[in-house]
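Enquirer: One structure, as structure tokens, below. Some questions next.
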Amino acid sequence: MLTEMHRFDLNAIGPDFIENPHPTLHWLRQHSPVHRNADGSVYLTRHDDVLKVYQSRDMLSDKKVEFGKKFGQCPLQKHHTTSLIFNDPPYHTVVRKLISGAFTPRKLAIFEPLIDRIVDRLLDRVEDMGELDLIEDFAKILPTEIISFMLGIPEEHRARLRGYSLAILGALDPVVPPERLEAGNRAVEEFGAILDDLINRRRANPDGAHEGEVLEALIFGEHEGRRLTQEELIQNCIFLLNAGHETTTSFVGNSMGLLFDNPDQHRLLRDDPDLIVTAVEEFLRVESPLQIGNRLAGEDIRLATETLPKGTYIHTSIAAANRDPAVFPDPDRMDITRKPNRQIAFITGIHVCLGATLARVEGRIAIGKLVRRFPKIRANGPRTRVPLARFRGYATLPVSVT
Ligand code: HEM
1261 MLTEMHRFDL NAIGPDFIEN PHPTLHWLRQ HSPVHRNADG SVYLTRHDDV
1311 LKVYQSRDML SDKKVEFGKK FGQCPLQKHH TTSLIFNDPP YHTVVRKLIS
1361 GAFTPRKLAI FEPLIDRIVD RLLDRVEDMG ELDLIEDFAK ILPTEIISFM
1411 LGIPEEHRAR LRGYSLAILG ALDPVVPPER LEAGNRAVEE FGAILDDLIN
1461 RRRANPDGAH EGEVLEALIF GEHEGRRLTQ EELIQNCIFL LNAGHETTTS
1511 FVGNSMGLLF DNPDQHRLLR DDPDLIVTAV EEFLRVESPL QIGNRLAGED
1561 IRLATETLPK GTYIHTSIAA ANRDPAVFPD PDRMDITRKP NRQIAFITGI
1611 HVCLGATLAR VEGRIAIGKL VRRFPKIRAN GPRTRVPLAR FRGYATLPVS
1661 VT
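Here the working numbering runs 1260 ahead of the position in the sequence shown, where the first position is 1.
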């Protein structure tokens, strides 16, 4: 076991790690917290090291070199190198400022009643169905509806969004088979064409925004005299759709899976619905929807046990940091009353998740209402995981509500 673990390589992980990464992460955090992969990159598993990386302005997100090697010239490369998440200032600042303008508390206030309405409508359907797949029939519809509304995506395109999203994000996993690359490229092209058309129509109709429409802010907004080009708009809208719904789908699915596995905590939440506020933080900690991040060291960085030289490629384990016993007593135990809870599912620093507030609101409403309205909700058969290491979620989660 020991030698086997010493040879662990993030770039050669298999289905066991994807199914349950935590035994490996515990071992790494304890015995090899700055773990070297064969390609010279490091994998960090301690909370304080991961935090330090995210808080440092010298750690870079630009992935042009890395994605150039990984993808070559193709739509996936164009997409991932243009979205704000894989860029540094000044381009990152421009896009972030424009998107932030669309995520102000005033704009988010518009979305809360909308989320309430969508959840109620979906739960009426859930009740009629009795037995269902919680992912397909509930978790993935909510964020798709919200993001589509924010960007003004017409009804007829919405059903395809999760497929696009999984195909595009799936290409970011450490190990990517050729058929996944192909699907990812196709998804960027098809999705890009839909957005190109949508943006052109919105340009031609500048006063036609729905309430709170994000697309309007992105097309017509300016930061220090700079507007986004058509290509930048398309790729950042694709990113926004992906960022906003894959993670939220997993968030809702993972949370319900955790409640099914921890009936005492399920009961506690049912008996005291106000606990939903601390419960969502705990769900995000125990099963973080985004598990791995990356940065390139633009300068030397001093960690708890060693200094990494400039040029080191860093993988951060958000999942391991969120179960670090140095920060979270009894870290594998799910405790929906846990406080304080310094979970970092949304990370911190200049790339801190722009949708964190929205995601928390979606989670509180969706999970809170599911638990309250269906006191008998339970797992109803085997579940399957999305086969990715970076994103943790269920592909299927059969449930019964009666
Ligand atoms: C539970 C749900 C979510 C989780 C766990 C999550 C997690 C994250 C994480 C970890 C990052 C930083 C990645 C990095 O820089 O390495 C991030 C960035 C981002 N997220 Fe989220 N996210 C969630 C939901 C959302 C939603 C609902 C939206 C928008 C509708 C959103 C929009 C963004 C954007 C725009 C960024 C890029 C920020 C930047 O690079 O400055 N996210 N998210």
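Each residue gets a CB set at the ideal place from its N, CA and C atoms; glycine is no exception.
Is R1562 near the ligand HEM, judged by its Cβ being under 6 Å from some heavy atom?
Expert: Within the sequence shown, the letter at position 302 stands for residue 1562. R1562: no, Cβ never under 6 Å from the ligand HEM.
Enquirer: Pull up the distance between the alpha-carbon of S1577 and that of G1609, whole angstroms please.
Expert: By 1-based counting over the sequence shown, the position of residue 1577 is 317. By 1-based counting over the sequence shown, the position of residue 1609 is 349. One C-alpha to the other measures close to 16 Å.
Enquirer: Any idea what DSSP makes of R1420, helix, strand or coil?
Expert: Against the sequence shown, residue 1420 aligns to sequence position 160. In the structure shown, R1420 sits in coil (DSSP, three-state: anything other than H, G, I, E or B).
Enquirer: Determine the DSSP secondary structure at S1577, reduced to helix, strand or coil.
Expert: The residue you call residue 1577 lines up with position 317 of the sequence shown. If DSSP states are grouped into helix, strand and coil, S1577 belongs with the strands.
Enquirer: Quick test of the definition: if touching needs 3 or more C-beta pairs under 8 Å, does the segment 1396-1408 touch the segment 1478-1498?
Expert: no
Enquirer: Give a yes or no on whether the C-beta atoms belonging to S1515 and F1480 are separated by under 7 Å.
Expert: In the sequence shown, the residue the question calls residue 1515 occupies position 255. In the sequence shown, the residue the question calls residue 1480 occupies position 220. No, they are not a contact pair.
Enquirer: Entirely within the segment 1376-1447 and at least 4 residues each: give me those alpha helix (DSSP H) ranges in chain order.
Expert: 1401-1411, 1415-1418 and 1421-1430
Enquirer: When DSSP labels each residue in this structure, what does V1621 get in the three-state scheme?
Expert: Here residue 1621 is taken as the residue at index 361 of the sequence shown, counted from 1. Correct three-state label for V1621: helix.
Enquirer: Of the choices D1322, W1287, Q1290 and H1266, whose alpha-carbon is the least far from that of I1574?
Expert: Residue mapping note: residue 1574 aligns to position 314 of the sequence shown, counting from 1. It is D1322.
Enquirer: Comparing C-alpha positions only, which one of R1593, L1550 and R1602 sits nearest to V1587?
Expert: As a first step, residue 1587 is located in the sequence shown; it is residue number 327 there, counting from the start. Ranking the options by Cα distance to V1587, first place goes to R1602.
Enquirer: Measure from the alpha carbon of R1624 to the alpha carbon of each residue in L1475, G1513, R1555 and G1553, then state which is nearest.
Expert: For the purposes of this step, residue 1624 is taken as the residue at position 364 of the sequence shown. R1624 has its Cα closest to that of G1513, out of L1475, G1513, R1555 and G1553.
Enquirer: Going by Cα to Cα distance, which pick from L1614, A1649 and R1645 is closest to H1352?
Expert: The residue labelled residue 1352 in the question sits at position 92 within the sequence shown. If we check each option's Cα against that of H1352, L1614 comes out closest.
Enquirer: May I ask which residues mark the beginning and end of the beta strand (DSSP E) holding T1656?
Expert: The residue given as residue 1656 occupies position 396 in the sequence shown. Y1654 to T1656 is the extent of the beta strand (DSSP E) around T1656.
Enquirer: Compute every distance between the C-beta of C1497 and the non-hydrogen atoms of the ligand HEM, then say whether any falls below 6 Å.
Expert: Numbered from its first residue, the sequence shown carries residue 1497 at position 237. No, since every heavy atom of the ligand HEM falls outside the 6 Å radius drawn around the Cβ of C1497.
Enquirer: Exposed or buried, which one is R1555 when buried takes at least 16 other CB atoms within 10 Å?
Expert: Start at 1 with the first residue of the sequence shown, and residue 1555 comes out as number 295. By the neighbour-count rule (16 or more Cβ atoms within 10 Å), R1555 is buried.
Enquirer: Who are the Cβ neighbours of I1459 in its own chain at under 8 Å, not counting the five residues just before and after it?
Expert: Position 199 of the sequence shown, counting from 1, holds the residue named residue 1459. Within its own chain, the residues whose Cβ lies closer than 8 Å to the Cβ of I1459, once the five positions on either side in sequence are excluded, are L1475, I1479, Q1490, L1493, I1494 and C1497, listed in chain order.
Enquirer: By a C-beta neighbour count over all protein chains shown, 10 Å radius and 16 as the cutoff for buried, is V1448 buried or exposed?
Expert: On the sequence shown, residue 1448 is found 188 positions in, with the first residue counted as 1. V1448 should be labelled buried.
Enquirer: Is the segment 1345-1364 in contact with the segment 1590-1606, if contact means three or more CB pairs nearer than 8 Å?
Expert: no
Enquirer: Mind checking whether the beta-carbon of C1334 lies closer than 6 Å to any heavy atom of the ligand HEM?
Expert: As a first step, residue 1334 must be located in the sequence shown, where it is residue number 74. Outside the cutoff, so no.
Enquirer: Who are N1554's beta bridge partners in DSSP?
Expert: Here residue 1554 refers to the residue found at position 294 when the sequence shown is read from its first residue. Looking at the DSSP assignment, N1554 forms a beta bridge with H1575.
Enquirer: What whole-angstrom Cβ distance do A1581 and T1305 have, given they're in contact under 8 Å?
Expert: The residue you call residue 1581 lines up with position 321 of the sequence shown. The residue you call residue 1305 lines up with position 45 of the sequence shown. Between T1305 and A1581 the Cβ distance is about 7 Å, and since that is below 8 Å, they are a contact.
Enquirer: Answer with buried or exposed for G1444, where buried requires no fewer than 16 other C-beta atoms within 10 angstroms of its C-beta.
Expert: Here residue 1444 corresponds to residue number 184 of the sequence shown, with the count starting at 1. Burial call: buried.
Enquirer: Quick one: what's got a C-beta closer than 8 Å to V1621's C-beta in the same chain, skipping five residues either side?
Expert: Numbered from 1 along the sequence shown, position 361 holds the residue referred to as residue 1621. Same-chain partners within the cutoff: L1368, F1371, E1372 and I1375.
Enquirer: T1507 and L1550 - do their beta-carbons sit closer together than 7 Å?
Expert: Here residue 1550 corresponds to residue number 290 of the sequence shown, with the count starting at 1. Here residue 1507 corresponds to residue number 247 of the sequence shown, with the count starting at 1. It is a contact, given that the beta carbons lie within the stated cut-off.
Enquirer: Bridge partners for A1639 per DSSP, in chain order?
Expert: Stepping through the sequence shown from its first residue, residue 1639 is reached at position 379. In the DSSP output, where bridge partners are listed per residue, A1639 has V1659.
Enquirer: Within the same chain, show all residues whose beta-carbon is closer than 7 Å to that of D1524, passing over the 5 residues directly before and after it, in chain order.
Expert: Here residue 1524 is taken as the residue at index 264 of the sequence shown, counted from 1. There are no such residues.
Enquirer: Output yes or no for whether 7 Å exceeds the beta carbon distance between A1431 and T1509.
Expert: Along the sequence shown, read from residue 1 onward, the residue named residue 1431 stands at position 171. Along the sequence shown, read from residue 1 onward, the residue named residue 1509 stands at position 249. The answer is no: Cβ separation not under 7 Å.
Enquirer: For D1433 and V1302, what's the separation of their Cα atoms in angstroms?
Expert: In the sequence shown, residue 1433 corresponds to position 173, counting from 1. In the sequence shown, residue 1302 corresponds to position 42, counting from 1. Distance between the alpha carbons of D1433 and V1302: 16 Å.
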